[in-house]
Amino acid sequence: MKIGIACGYSWDVPGGVQFHIRDLAKELIARGHEVSVIAPAGPDAELEPFVVSAGSAIPIKYNGSVARLAFGPKVNHRVRTWLRDGEFDVLHVHEPFTPSVSMLALMSASCPVVATFHTAMDTSRMLALASPFIVPLLDKIEARIAVSQEARRTMVQHLGGDAWVIPNGVFVRDLEAERDQRFTGSSTEPTLAFLGRIDEPRKGLGVLAGAFSQVRARFPGVRLFVAGKGDSDAAAELFGSDRDAVTFLGPVSDADKAALLASVDAYIAPNTGGESFGIILVEAMSAGAFIVASDIPAFRAVLGEGEFGAHFANENSADLARVLVEALAAPAQRASIAEAAKAEVWRYDWSSVASQILSVYDTAIASAEGKTRP
């Protein structure tokens with residue numbers, strides 16, 4: 084099958100959507116399909132052989148973060164050329180109503196189209212602004228996918244219709260790692276981990292900082308490893324007198340991320356909102372980590388309402404400290420829950436997820452048969 088995949092977000096500033104598309108493309112290519120991805124990318128970006136640049140992106144505030152998007156006549160020309168030369172059996176557009184490459188690809192598509200929706204939010208100014216263009220484009224989409232029930236809820240709320248819920252995927256075996264002495268603690272000196280952009284408030288590092296002194300009062304030897312981009316000096320100020328027990332690792336490689344998750348006594352996900360799925364939880368489950376996460380809907384879904392990890396009240400540092408102290412005091416229970424999570428996580432492996440997506444492609448192609456397209 085010849086498959087075109089359109090990504091609206093800049094490839095050279097990667098995030099969850101880009102990683103999803105990259106790994107899906109790799110899995111599809113490994114199965115013998117011909118795949119081409121188009122995405123915004125700067126002139127110096129290092130691109131995989133299957134990725135085509137649609138031109139540089141510009142940063143726009145979106146959903147509590149900054150999205151880097153590309154639009155305009157030059158980008159549109161590159162997208163149309165890619166579509167013409169690709170002669171795809173199916174086009175898969177991600178976040179098609181974000182004004183960027185995916186929307187342009189949808190506008191010009193003449194083959195069957197599958198759309199994946201990643202975003203979860205209650206209101207969307209961008210969707211409201213784009214609404215005059217959206218209604219005629221909806222008819223071009225043969226099948227819709229949402230990566231979670233939260234993403235599906237957002238899509239239904241703003242666009243109507245429905246979607247298959249197919250989660251984000253991971254290569255589970257790539258996250259399996261040996262314990263690393265750099266990150267390993269003990270019963271009296273446990274280790275904790277946080278991964279995420281440290282200067283993005285919705286990732287919740289401030290919530291964790293507010294809990295850390297209470298955890299340290301119970302476990303004086305506790306150490307926290309913080310991995311992610313951002314101003315570490317400014318982030319260290321959040322911890323006050325406890326900053327000496329916090330190590331800022333900066334951005335880490337995939338290998339170090341897996342080693343960190345496999346080694347610490349608890350991985351903490353204090354995200355405050357704006358998450359449609361929670362791929363980092365799936366990665367932590369794959370590595371065998373015990374997870375303490377905020378009780379936002381997306382995280383509750385991944386952790387089975389607490390069956391595969393522990394939850395605390397969102398944005399409540401005191402409750403995070405309570406849950407974390409209780410978990411650190413019960414190593415056997417932590418190990419049992421982490422083991423159950425490691426078995427559960429295989430439902431998110433690309434071997435399963437890609438098969439579900441391919442089934443949707445087949446449905447879209449069958450649905451498009453007999454229709455007249457421009």
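One rule links them: number in this note's numbering = place in the sequence shown (from 1) + 83.
Don't be surprised by glycine CBs; every beta carbon is placed ideally from N, CA and C.
These numbers come from a predicted model, not from an experiment.
Contact annotation: the region 433–448 does not touch the region 391–408, with fewer than three C-beta pairs closer than 8 Å. In the three-state reduction of the DSSP assignment, D327 falls in the helix class. Here DSSP, grouped into helix, strand and coil, assigns S119 to strand.
By DSSP's assignment, V173 forms a beta bridge with I86. When secondary structure is reduced to three states using DSSP, I440 falls in the helix class. Cβ-Cβ distances below 7 Å link A328 to R299, V305, R306, L307 in the same chain, with the five nearest sequence neighbours on each side left out; the list follows chain order.
When beta bridges are read from the DSSP output, H394 appears opposite A376. Look at G333 here: in three-state DSSP terms it is strand.
The distance from the Cβ of A318 to that of V309 is about 7 Å, consistent with a contact at the 8 Å cut-off.
Below 8 Å, too few C-beta pairs join the region 102–112 and the region 154–166 to call them touching: fewer than three. Non-local C-beta neighbours of L130 in its own chain, meaning closer than 7 Å and more than five positions away in sequence, comprise W94, A124, S136, ordered along the chain.
As the crow flies, the alpha-carbon of T199 is around 19 Å from that of H116. Here the alpha carbons of A401 and L407 stand approximately 10 Å from one another.
Taking a 10 Å sphere around the C-beta of G287, we find 16 or more other C-beta atoms and assign the residue as buried.
By the C-beta density criterion, G252 is buried, having at least 16 other C-beta atoms within 10 angstroms. Listed in chain order, the non-local C-beta contacts of G87 below 6 Å within the same chain comprise S119, G169, F171, L174, local neighbours out to five positions each way being set aside. Annotated as distal: W247 and I217, with beta-carbon spacing of 8 Å or more. Rounded to whole angstroms, the Cβ separation of F360 and V230 is 5 Å, and the two are in contact under 8 Å. For A310, there is no enclosing alpha helix (DSSP H); the enclosing beta strand (DSSP E) covers residues 306–310.
With 16 or more neighbouring CB atoms inside 10 Å of its own CB, K223 falls in the buried class.
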